[in-house]
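Here our numbering is used: the first residue of the sequence shown is 2, the next is one more, and so on. Don't be surprised by glycine CBs; every beta carbon is placed ideally from N, CA and C. Below is one structure, written out as structure tokens; comments come after it.
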Amino acid sequence: MKLNRKEMAELIKNMSGKILITTHKNPDGDAVGSSLGWFNFLKKLRKEVKIIYRDRIPFFFDFLPGIENVEVSEEIKEQFDWVIITDVSDPERTGFSEIPAERSVVIDHHITAEPFTDYAIVEPEISSTCELSYHIMKLIDESLIDLSVATPVYTGIMTDTGGFNYSNTSPETHVVAAELLKIGVDPYKVYTNIFERNRINKLKLLELVLKTLAFELKEKVAHITLFRKFLEETEAYPEEAEGFINYPRSIAGVEVAVFFKEIEENHWKVSMRSKGRVIVAEVAKAFGGGGHKMAAGFEKEGNLEEIKKELFKALEEALEKAYYESYS
Ligand code: AMP
Ligand code: MN
Ligand code: MN
2 MKLNRKEMAE
12 LIKNMSGKIL
22 ITTHKNPDGD
32 AVGSSLGWFN
42 FLKKLRKEVK
52 IIYRDRIPFF
62 FDFLPGIENV
72 EVSEEIKEQF
82 DWVIITDVSD
92 PERTGFSEIP
102 AERSVVIDHH
112 ITAEPFTDYA
122 IVEPEISSTC
132 ELSYHIMKLI
142 DESLIDLSVA
152 TPVYTGIMTD
162 TGGFNYSNTS
172 PETHVVAAEL
182 LKIGVDPYKV
192 YTNIFERNRI
202 NKLKLLELVL
212 KTLAFELKEK
222 VAHITLFRKF
232 LEETEAYPEE
242 AEGFINYPRS
252 IAGVEVAVFF
262 KEIEENHWKV
272 SMRSKGRVIV
282 AEVAKAFGGG
292 GHKMAAGFEK
302 EGNLEEIKKE
312 LFKALEEALE
322 KAYYESYS
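Following this line, the structure appears as structure tokens:
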């Protein structure tokens, strides 16, 4: 059942019993920020709450208040009364094959979100799950939004908007950010903790990945590739490749940037970023993934060359459609 902000606020306010909070695998700033923000908020609301992720938390989120409460586990054994899943558009993205909970709730902002829980709020136009969560929290009890809630919430808004630069940034996003700063969030502290603690291994990995830069479709598509052997060679963590896709996207004339990441042998994670014309969420959806208009992804088993061939064909069609629409 789809709920509006007020109905979701009422639902969460009245939740009783054991509540589990989780998010998507390979958690990003919005995933960690929204789930941890809710965890800290629900603690203040005196709820019995646990927070469990499928995947390890990237080290650059270690400054977030309450992060030590996050459990990382391959499966969830305990039975819960409720599960709140944040920043997730389909059940596989949680990384868990099963979540034992009586009732389930999703708070999300993906355009490709398909209903898979008992209750859901999905706002595809909003910058981030964190921004949406903030509005719902305010409707529950504004006085409970202290620094332990505001800091993770600000973090997710900052990372999902690329530092308030992407087209998902609205006037309202800045209003929310201003309110969070008034609560005491230190933007420089958040920024430096996430972006200015790079390990040399990351830069070495970037060097290897940038050497793979190549173009397709009259240089409208730029792509880079991360082979697993690069991680072994540089001893970098996979999450240190976050943001690498901004380099091919930044090239003049490029419409779509693609990042192929080898997860296991013949298992690839493909990320896409659009400069505006191509709706990459549609392309990703055709490959079983999802996302947003300008940022989307999917996972696929198979040989890299075959995946590339199939994807570039789909992108060729998407580019033709985009150009046709912009001139008609
Ligand atoms: P990423 O390229 O991993 O930074 O993801 C960009 C966007 O696409 C995010 O909003 C993700 O939630 C979404 N996305 C990435 N991979 C998948 C996937 N396998 N299935 C659904 N959505 C995805
Ligand atoms: Mn996310
Ligand atoms: Mn998000």
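Between the CA atoms of residue j and residue i - distance to the nearest angstrom
i    : j    : result
I53  : I22  : 6 Å
P59  : Y328 : 43 Å
F288 : K301 : 8 Å
E311 : R198 : 37 Å
K45  : L316 : 47 Å
K26  : S144 : 31 Å
F231 : G303 : 19 Å
P116 : S171 : 26 Å
A215 : L227 : 13 Å
L133 : K19  : 23 Å
M138 : E49  : 17 Å
L65  : T113 : 29 Å
K51  : V107 : 16 Å
L43  : T174 : 23 Å
E69  : N41  : 12 Å
A253 : V222 : 11 Å
F357 : H268 : Nothing about residue 357 can be read from this structure; the chain reaches only from 2 to 329.
G38  : K219 : 44 Å
I331 : G30  : With the chain covering only 2 through 329, there is no way to say anything about residue 331.
L207 : A242 : 7 Å
M2   : K14  : 17 Å
I308 : G292 : 19 Å
For residue i, the three-state DSSP class (helix, strand or coil)
i    : result
T156 : helix
G185 : coil
G290 : coil
D142 : helix
R278 : coil
Y135 : helix
I103 : Correcting the residue type first, residue 103 is Glu in the shown sequence and not Ile. Residue state, collapsed to three classes: strand.
D161 : helix
E180 : helix
F81  : strand
F60  : helix
R1   : Since the first residue shown for the chain is 2 and the last is 329, residue 1 is missing from the structure and cannot be characterised.
N169 : coil
N41  : helix
R94  : helix
M16  : coil
E197 : coil
L65  : coil
F11  : At residue 11 the sequence reads Glu, which differs from the Phe that was named. Here E11 sits in helix by DSSP.
Beta-bridge pairing of residue i - partner residues as DSSP gives them
i    : result
G30  : According to DSSP, G30 bridges with nothing at all.
Y192 : DSSP, once it has assigned bridges, lists no residue as partnering Y192.
T87  : I108
I53  : E72
K3   : A121
G298 : S272 and G291
Limits of the unbroken beta strand (DSSP E) element including residue i
i    : result
L227 : V222 to L227
L21  : K19 to T23
A333 : Residue 333 lies beyond the residue range present for the chain, which begins at 2 and ends at 329; the question has no answer from this structure.
E217 : A215 to E217
The alpha helix (DSSP H) enclosing residue i, as first and last residue numbers
i    : result
S327 : L305 to Y328
E208 : I201 to L211
Any non-hydrogen atom of ligand 4 closer than 7 Å to residue i Cβ
i    : result
H110 : Absence of ligand 4 is noted for the structure shown, with ligand 1, ligand 2 and ligand 3 being the only ligands found.
Fill in: Length at least 3, wholly inside the segment 229-275: the beta strand (DSSP E) runs in chain order
257-265 and 268-275
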